[in-house]
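Participant: After the structure tokens below, expect a handful of questions from me.
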Amino acid sequence: MSDFYLIYKNMTRKPLRLFLTCFAIFIAFLIFGAVTSLKSALNSSVELSADNRLVVFNRINFTQTLPIAYVQKVAAVDGVKNVTHLNWFGGYYQEPSRQVVSMAVDPESYLKVYEEIVVPEDQKQAWFNNRQGALVGEKLAEIYAWKIGDRIPLSSNIFTHNDGGYTWELVVSGIFKGDTEQYDTRQLLLHYKYFMETQTFGNDWIGWMALTTDDPAINETVAKTIDDNFANSQSETDTSTEKAFNKAFIEQIGNIGLIIFSVVFTAFFTILVVVGNTMALTIRERTGEIAVLKTLGFSSTRIFRMVLSESLLIAFVGGLSGLAAAWLLVEGVKTFLARFLPNLILGGDIALQAILFMLLLGLITGLMPAFQALRLNIVTAFNRQQ
Amino acid sequence: MSEEVLFQLKGVSKNFVKGKETISIFESLNMEIDCGDFVAIMGPSGSGKTTLLNMLGGVDQPSGGEVWFDSERIDSLSEGALTQWRARNIGFIFQFYNLMPMLNAQRNVELPLLLTNLSKSQRRHNVETALALVGLSDRAKHMPSEMSGGQQQRVAIARAIVSDPKLILCDEPTGDLDRATADEILEMLQLLNRDHGKTIVMVTHDPAAAKYANRTLHLDKGQFVQREIVA
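If you read the protein sequences in the order shown, they are chains A and B. Count along the first sequence starting at 1, add 12, and that's the number in the numbering used here. Count along the second sequence starting at 1, add 2, and that's the number in the numbering used here.
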């Protein structure tokens, strides 16, 4: 027999109470794990945005176009390192339900601005040299089992091909990865020139621009200069950092941070009160037994440790099972939500955060009863018992 | 009976503060307990019997005077040191047994040995010996709830002797038992005193229980009013 055995026997002496307490904690960490993963997935585009990357949209809104001539003018602005342009293609593969995030870009400048894209050199060159070539993200290639050299028909739900159809024939020239695990590789890039030549919507227009600055510190100045340059023109611009743009885009569906904070805080506070009350009650019920242990010669600090360990153990049993359930839930739904939330994962940082919360929960709920046990006077306890 | 003094109380006083009032339990109490003695302490309710027992066991401190145990002054020890002293020297037997309800008899008896450096096998050996001594070897795996009051008290006795303490303190050890079972328990205490040389101090209300002791001290209003040698 050891102290751990005593802690275990104390913990399990009322199985129903233990189950209910652990279940309450389980629910709290299930909510925490699932909701924090959701928040993280929503914010991943913000977090992964480069600090020195700006985006330039039409001032009216981001669906309006800009003239391609703007690209050269932006490139000439002081502090601009590289600039590229993008057109939303609105692609799908075979069925309209099989959406493909696809953009028509200028290959060379695009890879300079989006340095996080990793492509083998031979594949990169193959893409540059083939106007019908497409650079496909690793995850997207996996989903449709595309290989280099495959000819793929990609349809658009926005544009019409000059042959009267809606489908462009592309060749997979390369498959790219991201420089981090979180980088979304469920996308396809095609040549801007090929797109312009074959669509019927007019020429020399672009969707938006992306650029990098020499230093994040000059972002604001560069943005202001660009917007000032195009002020009072036919297409005024709105320049912001990519981070700010993505954040604003996400916040269109509500203040996720506030929702998550409110849900998690409410759940945690409720659990804290419930578990704290249960622990206090448990220790109060055991006053006589603690007095006996002290009488037998168990030191106050040893009993303090035992009570606190019991509370921590309950927090970790309930918390880790809740976190495991959250992980299973996230893994279960991430395939279905892949199109909307490609980065939905319960990562190590969330797990670590949850473990810290478990520690905190165990300490907060255990400290008061442990102090009660520490300060318990044997004589008073026996008198109360009689 | 050995002449060596195990316990000595010199001018011990004990006061409680209740609101603005100070209540005196003892004033200048003197007492000696020899090694191998079996002392019964009797007295009416509120006479201070349990308080005296608590002071002998180091769970309560006197307000004044000195308490000596085996040539060591214990009333000035810190709480931590007193806890260690209790674990080394004292075995406790309570009126309501006070066994841990979630542990079986064997584990209950093993509890005081967790405070020693004995190995697992040594602990098991000591527990088996103690349970055999109280005649409960066959009940080692039983939970307290599966045992009668007499059996539970015997487990408590085994727990009190398992670490071989010098002194066993009993607070109304038969107060919750019927006459026949009480006699069995008292005979067991007598056996521990007579055959194993254990020094025993027992607080009791029951004159029949006191007869098993070597001598009885009567406590009333914080003073020993009469000293009677029984055996």
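Ideal Cβ positions, reconstructed from N, Cα and C, are used throughout, including at glycine.
Where in the region 332 to 363 of chain A do unbroken runs of the beta strand (DSSP E), each at least 3 residues long, occur, reported from the N-terminal end onward?
Facilitator: If we require 3 residues or more, the region 332 to 363 of chain A turns out to have no beta strand (DSSP E) run fully inside it.
Participant: Compile a chain-ordered list of the residues in the region 54 to 76 of chain B whose CB is closer than 8 Å to at least one CB of chain A.
Facilitator: Residues passing the 8 Å Cβ filter: N56, G59, V61 and D62.
Participant: Taking the straight line between their C-alpha atoms, what separation do you get for Y20(A) and M104(B)?
Facilitator: If you number the first sequence from 1, residue 20(A) lands on position 8. If you number the second sequence from 1, residue 104(B) lands on position 102. Those two C-alpha atoms are separated by around 10 Å.
Participant: Span of the beta strand (DSSP E) holding Q106(A)?
Facilitator: Here residue 106(A) is taken as the residue at index 94 of the first sequence, counted from 1. Taken as a continuous stretch (DSSP letters only), Q106(A) belongs to no beta strand (DSSP E), as it is neither H nor E.
Participant: For a test of the three-state rule: what should DSSP assign to A46(A), helix, strand or coil?
Facilitator: Position 34 of the first sequence, counting from 1, holds the residue named residue 46(A). It is helical.
Participant: Counting contacts by CB-CB distance shorter than 7 Å, is E130(B) in contact with chain A?
Facilitator: Indexing the second sequence from 1 puts residue 130(B) at position 128. So, not an interface residue.
Participant: Is the Cβ-Cβ distance between V205(B) and D173(B) less than 7 Å?
Facilitator: If you number the second sequence from 1, residue 205(B) lands on position 203. If you number the second sequence from 1, residue 173(B) lands on position 171. In this structure, D173(B) lies closer than 7 Å to V205(B) by Cβ.
Participant: Answer with yes or no whether the minimum CB distance from L113(B) to chain A is below 7 Å.
Facilitator: On the second sequence, residue 113(B) is found 111 positions in, with the first residue counted as 1. With 7 Å as the cut-off, L113(B) counts as an interface residue toward chain A.
Participant: Are at least three pairs of beta-carbons, each pair with one atom in the region 70 to 81 of chain A and one in the region 166 to 184 of chain A, less than 8 Å apart?
Facilitator: Contact between the region 70 to 81 of chain A and the region 166 to 184 of chain A is absent, because fewer than three Cβ pairs lie under 8 Å.
Participant: How many whole angstroms separate the CB atoms of M44(B) and H207(B), which I take to be in contact at a CB cut-off of 8 Å?
Facilitator: Working through the second sequence from its first residue, we reach residue 44(B) at position 42. Working through the second sequence from its first residue, we reach residue 207(B) at position 205. The pair is a contact, with the Cβ atoms about 7 Å apart (cut-off 8 Å).
Participant: Taking Cβ-Cβ distances shorter than 7 Å, what residues in chain B pair up with I390(A)?
Facilitator: Walking along the first sequence from the start, residue 390(A) turns up at place 378. Correct list: V61.
Participant: Can you check whether the C-beta of K26(A) is within less than 7 Å of a C-beta belonging to chain B?
Facilitator: Taking the first sequence and counting its residues from 1, one reaches residue 26(A) at position 14. By this cut-off, K26(A) is not an interface position.
Participant: Please identify, using Cβ separations under 9 Å, the residues of the region 280 to 310 of chain A that lie next to chain B, in order along the chain.
Facilitator: Per Cβ criterion, the list reads G300, E301, A303, V304, L305, K306, T307, L308, G309 and F310.
Participant: Measuring only between beta-carbons, confirm whether A382(A) sits less than 7 Å from chain B.
Facilitator: Within the first sequence, residue 382(A) is the residue found at index 370, counting from 1. No - not a single Cβ of chain B is within 7 Å of the one on A382(A).
Participant: Under 8 Å Cβ to Cβ from E107(A), same chain only, skipping five residues before and after it: list those, please.
Facilitator: In the first sequence, the residue the question calls residue 107(A) occupies position 95. Closer than 8 Å at Cβ, skipping near neighbours: no residue.
Participant: Can you name the start and end residues of the beta strand (DSSP E) that S26(B) belongs to?
Facilitator: As a working note, residue 26(B) is residue 24 in the second sequence. Where S26(B) is concerned, the enclosing beta strand (DSSP E) stretches over E23 to D36.
Participant: Which runs of the beta strand (DSSP E) spanning at least 3 residues fall entirely within the region 200 to 287 of chain A, listed in chain order?
Facilitator: Complete beta strand (DSSP E) runs here, min 3: 220 to 225 and 249 to 253.
Participant: Could you name the residues of the region 317 to 345 of chain A whose beta carbon sits closer than 8 Å to any beta carbon of chain B, in the order they occur along the chain?
Facilitator: So the list is empty, because no residue satisfies the distance condition.
Participant: Mind checking if M13(A) is an interface residue toward chain B, Cβ cutoff 7 Å exclusive?
Facilitator: For the purposes of this step, residue 13(A) is taken as residue 1 along the first sequence, with counting starting at 1. With 7 Å as the cut-off, M13(A) counts as an interface residue toward chain B.
Participant: Comparing alpha-carbon positions, which option in R65(A), R110(A) and V86(A) lies nearest L123(A)?
Facilitator: On the first sequence, residue 123(A) is found 111 positions in, with the first residue counted as 1. When each option's Cα is compared against that of L123(A), the closest is R65(A).
Participant: Using the Cβ count rule (16 or more neighbours within 10 Å means buried), how would you classify T313(A)?
Facilitator: To locate residue 313(A), count along the first sequence from 1; it is residue 301. Counting Cβ neighbours within 10 Å, T313(A) comes out exposed, since fewer than 16 surround it.
Participant: Please go through the same chain and pick out, in chain order, the residues whose beta-carbon is closer than 7 Å to the beta-carbon of M3(B), but skip the five residues on each side of it.
Facilitator: Position 1 of the second sequence holds residue 3(B). Low confidence applies here, because M3(B) scores a pLDDT of 43, under 50, leaving its location unreliable; read the following figure in that light. Once the five neighbours on either side are set aside, the close Cβ partners of M3(B) are D36, G38, D39 and N216.
Participant: Can you tell me which of P64(B), N91(B) and L79(B) puts its alpha carbon nearest to the alpha carbon of D72(B)?
Facilitator: If you number the second sequence from 1, residue 72(B) lands on position 70. Nearest of P64(B), N91(B) and L79(B) to D72(B), Cα basis: N91(B).
Participant: Go through the region 153 to 202 of chain B residue by residue and report every complete run of the beta strand (DSSP E) that reaches 3 residues or more, in order.
Facilitator: Fully enclosed beta strand (DSSP E) runs of 3 or longer: 169 to 173.
Participant: Give the secondary structure of M3(B) by DSSP, where H, G and I count as helix, E and B as strand, and everything else as coil.
Facilitator: Here residue 3(B) refers to the residue found at position 1 when the second sequence is read from its first residue. Note that M3(B) scores a pLDDT of 43, beneath 50, so its modelled location is shaky; the value from the coordinates is reported in the next line. M3(B): coil per DSSP, three-state reduction.
Participant: Drop a sphere of 10 angstroms on the beta-carbon of A366(A), count the other beta-carbons inside from all chains shown, and report buried for 16 or more, exposed for fewer.
Facilitator: Here residue 366(A) refers to the residue found at position 354 of the first sequence. So A366(A) counts as buried.
Participant: What's the gap between the Cα of I302(A) and the Cα of A385(A)?
Facilitator: Translated into the one-based positions of the first sequence, residue 302(A) becomes position 290. Translated into the one-based positions of the first sequence, residue 385(A) becomes position 373. When rounded, the distance between both Cα atoms is 7 Å.
Participant: Please report the distance separating the alpha-carbon of N389(A) from that of L373(A).
Facilitator: As a working mapping, residue 389(A) is identified with position 377 in the first sequence. As a working mapping, residue 373(A) is identified with position 361 in the first sequence. The alpha-carbon atoms of N389(A) and L373(A) are separated by roughly 27 Å.
Participant: Counting only beta-carbon atoms, is K21(A) nearer than 7 Å to chain E?
Facilitator: No chain E appears in this structure, whose protein chains are A and B.
Participant: Say whether chain A places a C-beta atom closer than 7 Å to the C-beta of M3(B).
Facilitator: For the purposes of this step, residue 3(B) is taken as residue 1 along the second sequence, with counting starting at 1. Unreliable positioning characterises M3(B) in this predicted model, as indicated by a pLDDT of 43, which lies under 50. The coordinate reading is nonetheless provided below. No, because no Cβ of chain A sits closer than 7 Å to the Cβ of M3(B).
Participant: Nearest-angstrom Cα distance between L79(B) and G66(B)?
Facilitator: In the second sequence, the residue the question calls residue 79(B) occupies position 77. In the second sequence, the residue the question calls residue 66(B) occupies position 64. Each residue's Cα considered, the two are about 14 Å apart.
Participant: Start and end of the alpha helix (DSSP H) containing G300(A)?
Facilitator: Along the first sequence, read from residue 1 onward, the residue named residue 300(A) stands at position 288. Where G300(A) is concerned, the enclosing alpha helix (DSSP H) stretches over T299 to L308.
Participant: Cβ closer than 7 Å: which chain A residues qualify as neighbours of R156(B)?
Facilitator: Position 154 of the second sequence, counted from the first residue, corresponds to residue 156(B). What R156(B) touches in chain A: nothing, since even the nearest Cβ is about 17 Å away.
Participant: To the nearest angstrom, how far is the alpha carbon of T218(B) from that of G50(B)?
Facilitator: Here residue 218(B) refers to the residue found at position 216 of the second sequence. Here residue 50(B) refers to the residue found at position 48 of the second sequence. Taking the straight line from one Cα to the other gives about 15 Å.
Participant: Quick one: residues in its chain with C-beta nearer than 7 Å to the C-beta of K93(A), no 5 flanking neighbours on either side, listed in chain order?
Facilitator: Mapped onto the first sequence, residue 93(A) falls at position 81. Excluding sequence neighbours, K93(A) sits near T224, T225 and D226.
Participant: Could you give the first and the last residue of the continuous beta strand (DSSP E) run that contains W2(B)?
Facilitator: Limits of chain B in this structure are 3 at one end and 233 at the other, which puts residue 2(B) out of reach.
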